[in-house]
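Counted from 1, the sequence shown has number 83 at position 83 by full-length UniProt numbering; the numbering is strictly sequential.
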Amino acid sequence: MPIWDNVFSILGKQTEILKEMTSITTTTLKTGKKTYTGGNNFNDSNFTCDTKKIDEMLMVEKQNTASNIGIQTTLFSLQETMLKLQDTMMKNHTEMRADINEIKEDMGKLKNEIKLDISKLDEKVGSIQQALEKNEHTIKEVKK
1 MPIWDNVFSI LGKQTEILKE MTSITTTTLK TGKKTYTGGN NFNDSNFTCD
51 TKKIDEMLMV EKQNTASNIG IQTTLFSLQE TMLKLQDTMM KNHTEMRADI
101 NEIKEDMGKL KNEIKLDISK LDEKVGSIQQ ALEKNEHTIK EVKK
């Protein structure tokens, strides 16, 4: 895998940098140049032991990578599905709010129409009562 090749390459570069950083430097006054000695401040046997441990850890990690890729793929698909669901829910919510506002407007109009119809009916009932009273009065006069 290219990722692990990069890891090994980086580890090699870091090893070289550590060797350079931990080597003893001496400066010659006459030439003004630095010279590097071959000695290190760390034990080479400890370094190889640590390197072996790192290599073993990387091998275990490589084996776990295959299963991790499957899990990661599943998680990405779940995340994608959840994002689609969230978009759908937001769209439905927006549409529902618009529908509710439209229904509120319609109900307000209906309420006003019903009030108007009731007032017209009240007027008709009033005129019918007046006509009844007038008819009753006329009947009473005819009977006399």
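Glycine is no exception: its CB is placed at the ideal position from the N, C-alpha and C atoms.
Ordered along the chain, which non-local residues of its own chain (more than five positions away) have a Cβ less than 8 Å from that of residue i?
i: residue 140; result: none
What number of angstroms, rounded off, separates the C-alpha of residue i from the C-alpha of residue j?
i: residue 114; j: residue 104; result: 15 Å
i: residue 14; j: residue 52; result: 15 Å
i: residue 142; j: residue 129; result: 20 Å
i: residue 119; j: residue 109; result: 15 Å
i: residue 65; j: residue 50; result: 22 Å
i: residue 92; j: residue 5; result: 49 Å
i: residue 124; j: residue 131; result: 10 Å
i: residue 7; j: residue 54; result: 11 Å
i: residue 83; j: residue 57; result: 36 Å
i: residue 71; j: residue 102; result: 46 Å
Cutting at 6 Å between CB atoms, please list the residues of its own chain near residue i, excluding the five before and the five after it.
i: residue 90; result: none
i: residue 95; result: none
Quick check: is the beta carbon of residue i nearer than 9 Å to any beta carbon in chain B?
i: residue 91; result: Looking at the structure shown, chain B is missing, and only one protein chain is on hand.
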